[in-house]
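Data block below; observations after.
There are 2 protein chains.
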Amino acid sequence: MADSTPRRGRPAAGKAVLTRERIVAEAVTMVEEAGLDAVTMRGLARRLNVDPMSLYHHVDNRDTLLDQITELVLAGIELPRPTGVFRDDVHAIAQAFRQAAVRHPHCTPLVLTRQLGSSSALAPTEIVLSVLREAGFPPDRAVHALRAVLAFVVGALLREVSASSTFSGDNLSGVQRRVAELNASELPHLIEVAPQLAVCDHEEEFAFGLDLLITALELQRP
Amino acid sequence: MADSTPRRGRPAAGKAVLTRERIVAEAVTMVEEAGLDAVTMRGLARRLNVDPMSLYHHVDNRDTLLDQITELVLAGIELPRPTGVFRDDVHAIAQAFRQAAVRHPHCTPLVLTRQLGSSSALAPTEIVLSVLREAGFPPDRAVHALRAVLAFVVGALLREVSASSTFSGDNLSGVQRRVAELNASELPHLIEVAPQLAVCDHEEEFAFGLDLLITALELQRP
DNA sequence: ACCTGAACACCGTTCAAGT
DNA sequence: ACCTGAACACCGTTCAAGT
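Residue numbers (our numbering), protein chains in the order written: chain A, 1 to 222; chain B, 1 to 222.
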C-alpha cells in the first residue's frame, strides 16, 4: 500500500533514518563523552538504536570512521582572514586550531595524529603558506617555517588536551600534590621551579612558544 | 627428589623463568615488530610460551604494562653532559630524545603521550632546566622555555615516527604520487611548494625548528 | 537498498583451582 | 609462590538471509 515504505513520512519513534552524517556526528559526541576507546562499533550502534552491522552500510570500518571523525573536527576550524601582519596572522591561525582542540579535546589526538589529504586537512597548511609567502619567505624557507610552527602547535595542543584533566589550574590540592611529587624527586633544578612546574596556563604557554618562533622567523625575513 | 623443583639448574627448554623484566622487554620488541595494537596480553603470552594469566602475576594490567614499556624506552635515553654552550646543549639533549625515538619508533607515541613521574621521565626535564638556569634564565622564564622546546620536540618526533613509513625520502614513486595529490588540491600556495612538501628530511627539520627556538631564547637571555 | 542475526576469531580480566 | 584453565563480558567483521 501507499504506506508500506517506511521512509515515507515520520520514521518510527527513535528510528530516524541512518546516515553516514548521523553516525559520524554521534561518534564525535561519543568520543567527547566517553573517550576514544569507548567508541566501539557495537557501542555506537547501541546509542543509535540500531544493529551493529547496519553501521557497515554507511562506513567501511572502524578505522575509516576515525578518519571521518577527524574530518568533521577539521571542518569545524574557522580559519581567519589574513591581515597582512605576519605575527598576528600566525597567532590567529594557530588560535583557530587551538579552539578546535579545546572544543573537542578527546578528538584532538586523532586530529593531530592522522594526516589526511582532504581539503579540510590541507586548508590550514595553505593559509599558513600564504602568510609566509606574503611575508617574503621563499618557497623552501616557507616550508621549513611551516613545519616548525606545526610541530610546536601539535606538541602544545597534545599536552594541553592530555593534561587538561589533571592540570586544570584551580585544582588546589592537585597543585600541592604535584609540588610534593617534584620535591620528592631530589633533582635540584626541578625542585627549584616546582611551584611553576606544578601549574600550567596553556593559553599563555601557547602564545609564548609561538612568539619565540615568530620572533626568530622575523629575523630571517628577507 | 633433588630435581623436582623446576627452578633449579637450567629451566626446561623454551621455559625460561618469567619475570617482569622479560615481559616488558618482549613487549617492547613486539611493539616495534607489529605495532602497538598488536601487543595484547594474550599475544604477548603466546610469544613467551606462557599462559595469558601468568602475565598478571608480574604486571598489574595492560595499561601499566604500557607504562613500563614507556619507562624502558625512557631509561634508554643517554643524556649528554652539558658543555656550558647554550645552543649546543639544547641541541644535544633534544638529539638524545630523537635517537630514542628513532630506535623505538612504534613506542614513541606512547613515550611522548604518557607523562610519568618516574626518575627516568624527570631526568630530561632536570637537565634542560639546568642548562637554562646556567644560561641565566630566571626560574619562571626557564619553565616557559622548557615547555616551548618540549612542545616542539614532541610534535616533531611524533610527525617523524608516524610519517616514517610513507615519507622515507628515497621512495621516488611515493614522492611523485604525493606531488600529484598536492597538485590536485587546487590550493595555489600548496601547489607552488609541492616539491618541497612531498619530501621531508626529518633531521634537518628538527635542527631548523630547534635553531629558531634557541635563537629567540638567546635574544631574551639576560 | 537497507537492515539484521548468527557466527568467527579475537580481546582484557576475575576467580577458583592446581602444583 | 607461581602458574593455569575455565568463564565472563566484551570486541571488529564476514556472510547469508531477510524485508
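All C-beta atoms, glycine included, are put in the ideal place defined by N, C-alpha and C.
*8 Å CB neighbourhood of Q196/A in its chain, flanking five on each side removed*: none
*Return no unless some Cβ of chain A is closer than 8 Å to the Cβ of E205/B.*
yes
*In chain order, each alpha helix (DSSP H) run of at least 4 residues that lies wholly inside the segment 148 to 187 of chain A*: 172 to 183
*For the putative contact between L212/B and T125/A, defined by C-beta atoms under 8 Å, what is the C-beta separation to the nearest angstrom?*
Taking a contact as a CB-CB distance under 8 Å, the pair L212/B and T125/A does not count as one, their CB atoms being some 18 Å apart.
*In chain order, what residues of the same chain lie with their CB nearer than 8 Å to the CB of I23/A, ignoring the 5 residues before and after it?*
Counting only Cβ-Cβ distances below 8 Å, and skipping sequence neighbours, we find L44, L48, L55, H58, V59, L65.
_Buried versus exposed, by CB contacts within 10 Å (16 or more), A142/B_ = With 16 or more Cβ atoms within 10 Å of its Cβ, A142/B is classed as buried.
*Separation of C107/A from V193/B, as counted between CA atoms*: 30 Å
_Proximity to V17/B [Cα-Cα], best of R42/B, F208/B, T40/B, V50/B_ = V50/B
*asked:* Rounded to whole angstroms, what is the Cα-Cα separation between D37/B and A163/B?
replied: Straight-line Cα distance between these residues: approximately 18 Å.
_Residue of R87/A, D88/A, F97/A, D67/A minimising C-alpha distance to L78/A_ = Before going on, a small fix: residue 78/A reads as Glu here, not Leu. The shortest Cα separation from E78/A among R87/A, D88/A, F97/A, D67/A belongs to F97/A.
_What residue range does the alpha helix (DSSP H) around V128/A cover?_
Per DSSP, the continuous alpha helix (DSSP H) segment holding V128/A begins and ends at 119 to 134.
*Does any C-beta atom of chain A lie closer than 8 Å to the C-beta of G117/B?*
At least one chain A Cβ lies under 8 Å of G117/B.
*asked:* Can you confirm whether A12/B, when its beta carbon is compared against all beta carbons of chain A, has any partner nearer than 8 Å?
replied: Legend: pLDDT at A12/B = 41, less than 50; position of this residue unreliable, value from coordinates given subsequently. No, no contact with chain A.
_Residues near L116/B by beta carbon distance below 8 Å, same chain, minus five either side_ = D67, T70, E71, L74
*Using a beta-carbon distance cut-off of less than 9 Å, what residues from the segment 134 to 155 of chain B approach chain A?*
Cβ contacts with chain A come from P139, D140, A142, V143, H144, A145, L146, R147, A148, V149, L150, A151, F152, V153, V154, G155.
*asked:* So, for R10/B: in the same chain, excluding its five sequence neighbours on each side, which residues have a beta-carbon less than 6 Å away from its beta-carbon?
replied: Reliability fails at R10/B, whose pLDDT of 33 lies under 50, so the model's placement of it is uncertain and the value that follows must be treated cautiously. Same-chain partners within the cutoff: there are none.
_Which residues in chain B have a C-beta closer than 7 Å to the C-beta of S271/A? List them in chain order._
Past the boundaries of the shown model lies residue 271/A; chain A is included only from 1 to 222, so the question cannot be answered.
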